[in-house]
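Novice: Mind looking over this structure? Questions follow.
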Amino acid sequence: MAPLVLTDYDFFKEIETYLKNEQEVEKTFEPVSTSEACDSFKKDYDFEKVINPEIICKKFKNLFNTLSSFKRNLQSSAYYDNDCRFINYWLNDKLRHDGINDSNYVKKFYDKLKEDNAFDKKKLLNDKIYDINYVDLKNLRVLYNLYDNLYKITAIIGNKPVSKSYTCAYYTSTCVEEYKEAKILCNDESSTFWGALNNFRDSYLSVKNDPNDEKGCHLNTSGKLPTDQEILSYRSIVLGGKRPWTKDKIRKLIKGGSNKNEWENQLIHSDIEKKKVHLDKDKYNIEYRSGGNL
3 MAPLVLTDYD FFKEIETYLK NEQEVEKTFE PVSTSEACDS FKKDYDFEKV INPEIICKKF
63 KNLFNTLSSF KRNLQSSAYY DNDCRFINYW LNDKLRHDGI NDSNYVKKFY DKLKEDNAFD
123 KKKLLNDKIY DINYVDLKNL RVLYNLYDNL YKITAIIGNK PVSKSYTCAY YTSTCVEEYK
183 EAKILCNDES STFWGALNNF RDSYLSVKND PNDEKGCHLN TSGKLPTDQE ILSYRSIVLG
243 GKRPWTKDKI RKLIKGGSNK NEWENQLIHS DIEKKKVHLD KDKYNIEYRS GGNL
């Protein structure tokens, strides 16, 4: 499981198409449809940790049939590499969503799927399906969620149907929070993930807000992404001290305060509360020991 390089994230350039492909698969999927090759997954001990592996198998095959290069059996297609990257991410995400991190787990799944001679007759997926490094997989999930929300923002601005009925402000604030969290935790500005986040930022900044912000996206105000300088400032607060800050604590800070001063105030308040708890415990222990010595 070699670390990903920046080109491995290139399928996000076509994410709108892939999201539509996924929606099509979900919309037309029939769980009762018969597929002996997929149904055999239910009885396979190797995949007992996976919920409904036969359904993942059927959806994987359906998704394969919706993607441009596979549908036309063309390895020479300009979309071929990204189609492979996307469907490999999709399978990793579905099979390993509950913390399953078995070595070669995805490859085992695909090797079993290949027993169906009617599937992928041109062998377009040979050597393209593999287990993604777990850290990289988590990063891909972050980016997928960011681009999914961005797709919904552009759909609302463009008066296109959106699958979930949240406000545009909800999607922009979610993007801001998740982007900020990802960049704070990614403390290597030379990493592939940092570069991929920058590519997302560029896509986000290229979206033109509707006149007078009639859709309520607030792209120029509360929906504005923080700059790298602001990210470094936030990071210095939570990661620059001696005490460790967990991902959950950082997430609470992001949701609770939008600027550096608010972050510092919350951290000071948190320290005060911790000291109170320790003082109360010390007081209790002193009283308990005193009482026990009477």
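For the sequence shown, position 288 matches number 290 in the numbering used here, and the numbering has no gaps at all. Even glycine gets a Cβ: it sits at the ideal position worked out from N, Cα and C.
(1) Nearest-angstrom Cα distance between S238 and Q231?
(2) Could you check if S79 belongs to the surroundings of the ligand FMN, using beta carbon to heavy atom distance under 7 angstroms?
(3) Please report the straight-line C-alpha distance between D208 and I57, rounded to a whole angstrom.
(4) So, I256 versus E179, is the Cβ gap smaller than 8 angstroms?
(5) Which value, in whole angstroms, describes the spacing of the CA atoms of A198 and D150?
(6) What do you reckon, are the CB atoms on N23 and L65 nearer than 8 angstroms?
(7) Whose C-beta lies closer than 7 angstroms to the C-beta of I155 among residues of the same chain, with five residues either side of it excluded?
(8) Compute the distance between the beta-carbons of F194 and V7, then report whether it is under 8 angstroms.
(9) Quick one: give me the first and last residue of the alpha helix (DSSP H) that P55 is part of.
(10) Within this structure, are the beta carbons of E16 and Y82 separated by less than 8 angstroms?
(11) To the nearest whole angstrom, what separates the beta carbons of S205 and L152, a pair I think is in contact under 8 angstroms?
(12) DSSP on I131, reduced to helix/strand/coil?
(13) Rounded to a whole number of angstroms, what is the C-alpha to C-alpha distance between G225 and C177?
(14) Exposed or buried, which one is Y20 when buried takes at least 16 other CB atoms within 10 Å?
(15) Kindly list the residues whose CB is nearer than 6 angstroms to the CB of D212, restricted to its own chain and excluding five residues on each side of it in sequence; keep chain order.
(16) So, for D138: in the same chain, excluding its five sequence neighbours on each side, which residues have a beta-carbon less than 7 angstroms away from its beta-carbon?
(17) Beta carbon of Y181, beta carbon of L227: below 8 angstroms?
(18) With a 10 Å radius around its C-beta and 16 neighbouring C-beta atoms as the bar for buried, classify D133 as buried or exposed.
(19) Taking 8 angstroms as the threshold (C-beta atoms), are L127 and C86 in contact?
(20) Check V164 in the structure and name its three-state DSSP category.
(21) How many angstroms separate the CA atom of K73 from the CA atom of K162?
(22) Answer with buried or exposed for D113, where buried requires no fewer than 16 other C-beta atoms within 10 angstroms of its C-beta.
(23) Given a threshold of 16 other Cβ atoms within 10 Å of its Cβ, counted over all protein chains shown, does A184 qualify as buried or as exposed?
(24) With the cut-off set at 8 angstroms, would you say N84 and I131 are in Cβ contact?
(25) Return the chain-ordered list of same chain residues with a C-beta closer than 6 angstroms to the C-beta of T68, the five sequence neighbours on each side being excluded.
(26) Count the other CB atoms, across all protein chains shown, that sit within 10 Å of the CB of S165; report buried if there are 16 or more and exposed otherwise.
(27) Tell me the residue span of the alpha helix (DSSP H) that contains Q25.
(28) If you measure between the beta carbons of F49 and F111, is that distance less than 8 angstroms?
Specialist: Taking the structure as given:
(1) 11 angstroms
(2) By its list of ligands, the structure shown contains no ligand whatsoever, and the ligand FMN lies outside what it can speak to.
(3) One detail in the question is off: residue 208 reads as Ser in this sequence, not Asp. Each residue's alpha carbon lies about 38 angstroms from the other.
(4) Cβ distance < 8 angstroms, so I256 and E179 count as in contact.
(5) 15 angstroms
(6) yes
(7) C170, Y173, T174, V209 and C219
(8) For clarity, residue 194 is Thr in the given sequence; the question names Phe instead. Their beta carbons are under 8 angstroms apart, which means T194 touches V7 by this criterion.
(9) P55 to T68
(10) no
(11) 6 angstroms
(12) coil
(13) Taking C-alpha positions only, G225 is separated from C177 by approximately 8 angstroms.
(14) Y20 comes out buried.
(15) I159
(16) P5 and L6
(17) yes
(18) buried
(19) yes
(20) If DSSP states are grouped into helix, strand and coil, V164 belongs with coil.
(21) If I take the Cα positions, the gap works out to 26 angstroms.
(22) Here D113 is exposed, its C-beta having fewer than 16 other C-beta atoms within 10 Å.
(23) buried
(24) no
(25) N23 and E26
(26) So S165 ends up on the exposed side.
(27) I17 to T30
(28) yes
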